[in-house]
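UniProt numbering puts the first residue of the sequence shown at 1, with every later residue one more than the last.
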Amino acid sequence: MSFFGATKIAFLAISIIGSTAGVGGSLSYKLKNKLSEQARIKRSQDKKQRIEAEKQAQSLRQKRKEEAPIEHKVFKAEAISKGIKNGNHLCWEWEKGIHGDKTSLNEEKCKEKIQKIWGENSEKQPEKWFRSNPDSAITFLNNSLSLSPNKFSILKSKDNNLWETGGFWCRHKEDKENEGMIIVGCDKESWKLSQWE
Numbered sequence: 001m002s003f004f005g006a007t008k009i010a011f012l013a014i015s016i017i018g019s020t021a022g023v024g025g026s027l028s029y030k031l032k033n034k035l036s037e038q039a040r041i042k043r044s045q046d047k048k049q050r051i052e053a054e055k056q057a058q059s060l061r062q063k064r065k066e067e068a069p070i071e072h073k074v075f076k077a078e079a080i081s082k083g084i085k086n087g088n089h090l091c092w093e094w095e096k097g098i099h100g101d102k103t104s105l106n107e108e109k110c111k112e113k114i115q116k117i118w119g120e121n122s123e124k125q126p127e128k129w130f131r132s133n134p135d136s137a138i139t140f141l142n143n144s145l146s147l148s149p150n151k152f153s154i155l156k157s158k159d160n161n162l163w164e165t166g167g168f169w170c171r172h173k174e175d176k177e178n179e180g181m182i183i184v185g186c187d188k189e190s191w192k193l194s195q196w197e
């Protein structure tokens, strides 16, 4: 084989390798673009679904709000706290919801409230007691016991396990007499809440 023949073979080999690499690179580029396009389409579809779900949820919330009777829009709230110094109880009421004016009950009315709610077993009751809807309970506990935001969802759940906030152990339960309301009890001694009814 002459030098000229060897040059032709080398040139041919280089051409084949170059075109193969070019085709491979082109295929890789096309495949990459196809995958990117599919990912964009998927993200777009997911976003549309999220937006639609948010619209439906907003519509449902608005419908429920419009259908709710007026008396259920503002919840009365009540709180009882055992006195630190002399063991007397302190009682408060919010007739127009937790964001309205708070009324402190005098000793006689507070005793009447305690008798009505707890009967004779007030000694077995927690140091702090609150009754209202879950949102009002969140506001009350946030103001009085520095309830952390990660506990907000607990008050809206049906789970009544013990949880801690502001140095107190708390538990909540549905108010069987008033639909949509809960009762929250908090005490520094967790064992008292295990007996709480």
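We put the CB at the ideal spot given by N, CA and C, even for glycine.
Just so it is clear, the structure is predicted and the values come from calculations on it, not from any experiment.
Alpha carbon of residue i to alpha carbon of residue j, nearest angstrom
i	j	result
Lys55	Ile41	21 Å
Lys128	Arg50	41 Å
Ala53	Ser44	14 Å
His89	Ile80	7 Å
Ile114	Gly185	14 Å
Pro126	Lys96	25 Å
Ser122	Cys91	13 Å
residue 205	Glu120	This structure gives no information on residue 205, because the portion of the chain shown stretches from 1 to 197.
Thr139	Tyr29	57 Å
residue 209	Lys102	Residue 209 lies beyond the stretch modelled for the chain, which goes from 1 to 197, so this question has no answer here.
Lys47	Asn160	36 Å
Ser148	Glu112	33 Å
Leu105	Leu60	39 Å
Ala57	Lys63	10 Å
Ser153	Leu31	46 Å
Phe130	Leu193	14 Å
Closest residue to residue i among the options (Cα-Cα distance)
i	options	result
Ser132	Lys173, Lys34 and Asn150	Lys173
Ile98	Leu141, Trp118 and Ile117	Leu141
Cys170	Lys188, Glu177 and Ile182	Lys188
Lys82	Arg64, Lys76, Phe152 and Lys124	Lys124
Ser190	Ile182, Ile117 and Phe168	Phe168
Ala137	Lys48, Gln62 and Ile182	Ile182
Asp175	Leu60, Arg64, Lys76 and Lys63	Lys76
Asn178	Lys32, Lys63 and Glu78	Glu78
Lys158	Asn33, Asn143 and Gly180	Gly180
Three-state secondary structure (DSSP) of residue i
i	result
Asp187	strand
Leu147	coil
Ile9	helix
Lys96	coil
Lys76	coil
Glu177	coil
Lys158	coil
Leu90	strand
Glu120	coil
Lys82	strand
Glu52	helix
Buried versus exposed call for residue i [16 or more other C-beta atoms within 10 Å across all chains shown]
i	result
Ala39	exposed
Ile9	exposed
Trp94	buried
Leu35	exposed
Leu155	buried
Pro69	Any answer about Pro69 is weak, because its pLDDT of 47 lies below 50 and its placement is not dependable; what the coordinates show is given next. By the 10 Å Cβ count, Pro69 comes out exposed.
Same chain only: Cβ atoms within 8 Å of residue i, ignoring 5 sequence neighbours per side
i	result
Ser146	Thr165 and Gly166
Contact set for residue i: own chain, Cβ-Cβ below 7 Å, skip 5 residues either direction
i	result
Glu107	Asn88
Lys151	Trp163 and Thr165
Cβ of residue i within 8 Å of any chain C Cβ
i	result
Arg43	In summary, chain C is missing from the structure at hand, where a single protein chain is found.
Beta-carbon proximity list for residue i, same chain, < 6 Å, skipping 5 on both sides
i	result
Trp118	Gln125
Gly100	Trp94
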